[in-house]
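**Student:** Following this message is one structure expressed as structure tokens.
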Amino acid sequence: MLLHVPTFSLAAAAYQDSPWHRLAPRARLGVSLILVLGVAVTPARLELWGIYALFLLLLIVVSQVSPVTMVKRLGVELVFVGVLLLSILWSGQGTPLVSLGVLQITQDSLARFGGVLAKALLSLVSLNLLTLTTPAPRILQALEQLRFPRLLVRVLELMLRFLAVLVDELGSMKRAAQARRAGTLLGWGVAGNILGSLFLRTYGRGERVHLAMQARGFKGSFQSTGVPPLTVIDGLAVLGTVGFVVGVLLWQGVR
Amino acid sequence: MGVGLLWLGMHIPDGFLSLPVTALTYVLAVALVFLALRQTEQAYADKLVPLMGVSAAFIFAAQMINFPVLGGTSGHLLGGTLAGILLGPWAGTLAMVVVFIVQTLLFQDGGLTALGANILNMGLLGTFIGYYLYRTVRFTLGDQHWWVMALATGFASWCSVMLAAVAVALQLSWSGTVVLGVVLPAMLVVHSLIGIGEAVLTVAVVSFLWRTRPDLLFDPPPFTKKELT
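Residue numbers (the numbering used here), protein chains in the order written: chain C, 67 to 321; chain E, 38 to 266.
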């Protein structure tokens, strides 16, 4: 998070054209969510993950997302997953394969480590495909159409609009503090003062935004450029994904 | 960065929780979110969207400040208890929920299937319980003094980190992902240190506000009320 927030190039591949991009954001959100759910309910078996990986690879090829961008993002995200993953690796019971003093890797813990890594990786690819190709406001709009609480969507929309402003403000206060002291890390007191005054500014900003919204006749929803209707292809994409997930589950049940 | 990374270990990713744990945490989290929405709507009416929007953005930005920890590493604030102290239990919880949704959906920080658990661990335990811990300590010891405020703030922040760490360990072990006996002690040791960082920074922020605009705290100290009347 800390590493890729400052760049804000979230939807790096949003303005390409591909069959995937032509799907309505709702359908893309649906496909990604179904895949994440599918990964969650799929039993831990190597060949099943292989099928999922192939399916996701196919989606990446269809969507023409650059593999380099995808791998870079996965790299950053996996660092954060890594800490918990390592704790699994060291926490097994049974016959040790590798021992480092009290820490030992066992067959059992190695299997669980691999399983969790595969599931985390597949889920990440699926969600990255969504966020790389779909701008955040579109995702939020899609959430609303999928009956997510409206009030929550409004708050999320406003938060995203002001996030960049606050991060900028924080950045300038940090630079001002660093210019007056040596070193890049701030002391406790300074960090506290910066966050305290950021809160004051935020609170004032909230009041001003509220008044400005009232002055412009805000009636509870933002103007959007219209909701693209769902096409047959959107329906087929979502149904196809559901079919894929169910198919994998049935296939493994038969065997 | 080392401790910062461990801190992020509190956001459970996809693949770590079993289906029953996922389902249970989601049901509880959805109930919590609906309650928080209803309570904040009553309190703020049409101010809810702008105030909660900027407050969530504030918490998100606050998590980007790094502070020095032992031996050249750095950690960052989680801000659950801070959100509770500044905005109150319900609005604070709602702001944290919004932060988690954005982190999960747009930044892939924390898993989608683990979102329910993450909301419970840091929204319910961190903010809601954190706020009531702080309130209990502060109003038991007396509401007038800065040292009581500092003690209550620090104590509640540290406890909320420890509670969240215990919750993460329990959820992972119920899912069969880790063995509780191995992971719980490790989590407790690491997070008792991280909790100190959280407590010191939260106290530092609250101290600034106590000195400059104490009336903006969710529970303003009595001396601000006297000035107003």
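C-beta atoms are modelled at their ideal positions from N, C-alpha and C, and glycine is treated no differently.
1. Just to confirm before moving on: does the CB-CB distance between C:Ala79 and C:Asp300 stay below 7 Å?
2. Please confirm if C:Lys29 has its CB atom under 7 Å from at least one CB of chain E.
3. Can you check the region 207–253 of chain E for any alpha helix (DSSP H) of at least 4 residues that lies completely inside it and give the ranges in chain order?
4. Short check: CB of C:Met225 to CB of E:Gly90, under 7 Å?
5. Taking just the CA atoms, how far does E:Val198 sit from E:Asn158?
6. Please return the same chain residues whose Cβ sits closer than 7 Å to the Cβ of E:Ala236, not counting the five positions on each side in sequence.
7. With distances taken Cα to Cα, identify the nearest neighbour of E:His48 among E:Leu88, E:Ile96, E:Gln145.
8. Can you grab the Cα-Cα spacing for the pair E:Ala132 / E:Pro222, in whole Å?
9. Could you give the residue range of the alpha helix (DSSP H) that holds C:Lys240?
10. If you draw a straight line from the C-alpha of E:Phe97 to the C-alpha of C:Leu316, how long is it?
11. Using 7 Å as the limit for Cβ to Cβ distance, is C:Thr268 near chain E?
12. Cβ atoms of E:Ser92 and E:Val124: under 7 Å apart, would you say?
13. Please list the partners that E:Ser244 has in chain C, where partner means a Cβ-to-Cβ separation under 7 Å.
14. In its own chain, which residues sit with a C-beta less than 7 Å from the C-beta of C:Ala303, not counting the 5 before and 5 after it?
15. Within 7 Å (strictly less), CB to CB, does C:Ala78 reach chain E?
16. Contact criterion: CB-CB distance below 7 Å. Does C:Ala186 meet it with respect to chain E?
17. Let's test the definition: count the other Cβ atoms within 10 Å of the Cβ of C:Lys327 and tell me whether it reaches 16, buried, or not, exposed.
18. If I'm right that E:Val135 touches C:Leu222 with Cβ under 8 Å, what's the distance once you round it to whole angstroms?
19. Show which residues of chain E have a CB atom less than 9 Å away from the CB atom of C:Ser132.
20. Can you give the Cα-Cα distance for C:Leu144 and C:Leu155, rounded to whole angstroms?
21. Contact defined as beta carbons within less than 8 Å: I believe E:Ala73 pairs with E:Thr130. What is the distance between those atoms, to the nearest angstrom?
22. At the 7 Å Cβ level, is C:Ala242 part of the contact set with chain E, yes or no?
23. Between the region 83–106 of chain E and chain C, which residues of the former have CB atoms less than 8 Å from a CB of the latter, in chain order?
24. Buried or exposed, going by whether 16 or more other CB atoms sit within 10 Å of the CB of E:Gly52?
25. So is C:Leu163 in contact with chain E if we call contact Cβ pairs under 7 Å?
26. Can you give me the C-alpha to C-alpha distance between C:Gly272 and C:Val311, rounded to a whole angstrom?
27. For E:Thr59, which residues in chain C fall below 9 Å Cβ to Cβ?
28. Only counting the same chain, and skipping five residues up and downstream in sequence, which positions put a Cβ closer than 7 Å to that of E:Thr214?
29. Please determine, among C:Leu198, C:Val308, C:Val314, the residue with the shortest C-alpha to C-alpha distance to C:Gln82.
30. In three-state terms, what does DSSP make of E:Gly147?
31. Does the Cβ of C:Gln207 have 16 or more other Cβ atoms within 10 Å, making it buried, or fewer, making it exposed?
32. Please list, in chain order, the residues of the region 128–154 of chain E that have any C-beta partner in chain C closer than 7 Å.
33. Taking only beta-carbon atoms, is C:Ser153 less than 7 Å away from chain E?
34. Which residues bound the alpha helix (DSSP H) around E:Thr62?
35. Would you mind listing the alpha helix (DSSP H) stretches within the region 112–191 of chain E that are 4+ residues and don't spill past its ends, in chain order?
**Tutor:** So, from the listed chains and residues:
1. Cβ atoms of C:Ala79 and C:Asp300: not closer than 7 Å.
2. Residue 29 of chain C lies beyond the range of chain C shown here (67 to 321); nothing can be said about it.
3. Segments of the alpha helix (DSSP H) lying fully in the region 207–253 of chain E: 217–249.
4. Annotated as proximal: C:Met225 and E:Gly90, with beta-carbon spacing under 7 Å.
5. For E:Asn158 and E:Val198, the distance between alpha carbons rounds to 9 Å.
6. Excluding residues within five positions, the ones whose Cβ falls inside 7 Å are Gly191, Ser194, Trp195.
7. Checking every option, the nearest Cα to that of E:His48 belongs to E:Gln145.
8. Whole-angstrom Cα-Cα distance: 31 Å.
9. That run of the alpha helix (DSSP H) goes 216–246.
10. One alpha carbon belongs to E:Phe97, the other to C:Leu316, and they sit about 42 Å apart.
11. Chain E, which has a Cβ nearer than 7 Å to the Cβ of C:Thr268, makes this yes.
12. Looking at the sequence shown, residue 124 of chain E is not Val but Leu. Going by C-beta atoms, E:Leu124 is nearer than 7 Å to E:Ser92.
13. Taking a Cβ-Cβ cut-off of 7 Å, the neighbours of E:Ser244 in chain C comprise Gly258, given in sequence order.
14. Close CB contacts of C:Ala303 within its chain, under the 7 Å cut and outside five residues either way in sequence, are with Leu89, Ala93, Val97 (chain order).
15. Chain E contact via Cβ: absent.
16. Chain E contact via Cβ: present.
17. Residue 327 of chain C falls outside the range modelled here, since chain C spans only 67 to 321, and no answer is possible.
18. The distance from the Cβ of E:Val135 to that of C:Leu222 is about 6 Å, consistent with a contact at the 8 Å cut-off.
19. The premise fails here: C:Ser132 is roughly 17 Å from chain E at the closest Cβ pair, so nothing lies under 9 Å.
20. Those two C-alpha atoms are separated by around 15 Å.
21. Indeed, because the Cβ distance is near 5 Å, the residues count as touching under 8 Å.
22. No, C:Ala242 does not count as interfacial toward chain E.
23. Within the region 83–106 of chain E, the qualifying residues are Asp83, Lys84, Leu85, Val86, Pro87, Leu88, Met89, Gly90, Val91, Ser92, Ala93, Ala94, Phe95, Phe97, Ala98, Ala99, Gln100, Met101, Ile102, Asn103, Phe104, Pro105.
24. Buried is the label assigned to E:Gly52, since at least 16 other Cβ atoms lie within 10 Å of its Cβ.
25. Not closer than 7 Å to any Cβ of chain E, the Cβ of C:Leu163 fails to qualify, so no.
26. Their backbone Cα atoms lie some 44 Å apart in a straight line.
27. Those are Ala106, listed as they occur along chain C.
28. Counting only Cβ-Cβ distances below 7 Å, and skipping sequence neighbours, we find Phe53.
29. Of the listed residues, the one whose Cα sits closest to C:Gln82 is C:Leu198.
30. The DSSP-derived three-state label of E:Gly147 is coil.
31. So C:Gln207 ends up on the buried side.
32. Taking 7 Å as the cut-off between beta carbons, the residues of the region 128–154 of chain E near chain C are Val135, Ile138, Val139, Gln140, Leu142, Leu143, Phe144, Gln145, Asp146, Gly148, Leu149, Thr150, in sequence order.
33. Taking 7 Å as the threshold, the shortest C-beta distance from C:Ser153 to chain E falls below it.
34. Run containing E:Thr62: 56–81, per the alpha helix (DSSP H) assignment.
35. You should have 117–124, 126–144, 152–155, 167–178.
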